[in-house]
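K.L.:
Residue numbers (my numbering): 3 to 253.
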């Protein structure tokens, strides 16, 4: 979990490097995450020493940093949504930022939830499993479980997670609307070079139905002489490096 958190913060800092206000918020979130991780470590050590009173005290100390992280992440997501609603340019960086925030929050929530599960009843453990399973369902684009009732920490985690999931769903809906109504061909390509989304303009412009292209490598429709250069440029974009506009020819 510690390594995953570090990776997500590295992604957030890279995405926010050109925005001082976002960088400041990411720095505050990192500070609170470090405080939470220290308390999680303290809980683990005190449980091993059978010092349950101090362990419970350490758990209570996590509430403040968790509240601050929720507030900062909510503030960042709202700022990105407000900016998107008032502008018309490409928002791929905004979507990446919100995805990284969602992944980071999920990792921290699961980390804290795991510690809490040591001290709660079987009923609470089942409720925690719903939060964890919801994170897997979100990643797999499967509907989430019904909301968890109550007013305890687990119910709060569930509410925060659902709010973030709704934000991500709305961003995805807007992205799909742009793709479906675009006059130019817009496609999404995964890390293996496979096309995962293709706009309807592929038929009049390329002569290929969108469904015919899904699941195929981008190389399959690009002339062989242009394929390597295209792959190199896509890798540069993936790495966050600067890349000049480039052209390729479709078969």
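Yeah, the Cβ is synthetic: ideal placement off N, Cα and C, and Gly gets one too.
Predicted, not measured: the structure shown is a model, and the values here were computed from it.
Hey, is the segment 185 to 194 in contact with the segment 202 to 221, meaning 3+ C-beta pairs nearer than 8 angstroms?
P.N.:
A contact exists between the segment 185 to 194 and the segment 202 to 221.
K.L.:
Leaving out five residues on either side along the sequence, give the residues of the same chain with a beta carbon under 7 angstroms from the beta carbon of residue 199.
P.N.:
Contacts found: 181, 189 and 190.
K.L.:
Hey, how far is the Cα of residue 167 from the Cα of residue 140?
P.N.:
In a straight line, the C-alpha of residue 167 is about 7 angstroms away from that of residue 140.
K.L.:
With DSSP as the reference, identify every bridge partner of residue 224, one or two as the case may be.
P.N.:
DSSP output for residue 224 lists 252 as bridge partner(s).
K.L.:
DSSP three-state label for residue 125, please.
P.N.:
In this predicted model, residue 125 has a pLDDT of only 48, less than 50, meaning its place in the structure is not dependable enough to derive any value.
K.L.:
If I measure Cβ to Cβ from residue 184 and keep anything under 7 angstroms in the same chain, skipping five residues before and after, which residues do I get?
P.N.:
Within the same chain, residue 184 has close Cβ partners 201 and 203.
K.L.:
Have a look at residue 70 and residue 144 and give me their C-alpha separation to the nearest angstrom.
P.N.:
Answer to the nearest angstrom: the Cα atoms are 29 angstroms apart.
K.L.:
Go ahead and label residue 136 buried or exposed: buried means 16 or more other beta carbons lie within 10 angstroms of its beta carbon, across all protein chains shown.
P.N.:
Answer is buried; the Cβ neighbour count reaches 16.
K.L.:
By a C-beta neighbour count over all protein chains shown, 10 Å radius and 16 as the cutoff for buried, is residue 248 buried or exposed?
P.N.:
Residue 248 should be labelled exposed.
K.L.:
If you follow the alpha helix (DSSP H) that residue 169 is in, where does it begin and where does it stop?
P.N.:
Residue 169 -> alpha helix (DSSP H) spans 155 to 183.
K.L.:
Nearest-angstrom Cα distance between residue 245 and residue 130?
P.N.:
Rounded to the nearest angstrom, the two C-alpha atoms are 44 angstroms apart.
K.L.:
For a test of the three-state rule: what should DSSP assign to residue 110, helix, strand or coil?
P.N.:
Residue 110: helix per DSSP, three-state reduction.
K.L.:
In the DSSP assignment, find the beta strand (DSSP E) that holds residue 190 and state where it starts and stops.
P.N.:
Looking at the DSSP string, the run of the beta strand (DSSP E) that includes residue 190 is 189 to 191.
K.L.:
Taking DSSP's pairing of strands, which residues face residue 196 in a bridge?
P.N.:
In DSSP, residue 196 forms a bridge with 219.
K.L.:
Extract the residue ranges of the alpha helix (DSSP H) inside the segment 19 to 86, only unbroken runs of 4 or more that lie entirely within it.
P.N.:
Those alpha helix (DSSP H) runs which fall completely within the segment 19 to 86 and span 4+ residues are 22 to 50 and 54 to 63.
K.L.:
Can the beta-carbon of residue 224 be found less than 8 angstroms from the beta-carbon of residue 187?
P.N.:
For residue 224 and residue 187, no; Cβs fall outside 8 angstroms.
K.L.:
Indicate the three-state DSSP secondary structure (helix, strand or coil) for residue 243 in the structure shown.
P.N.:
Residue 243: coil per DSSP, three-state reduction.
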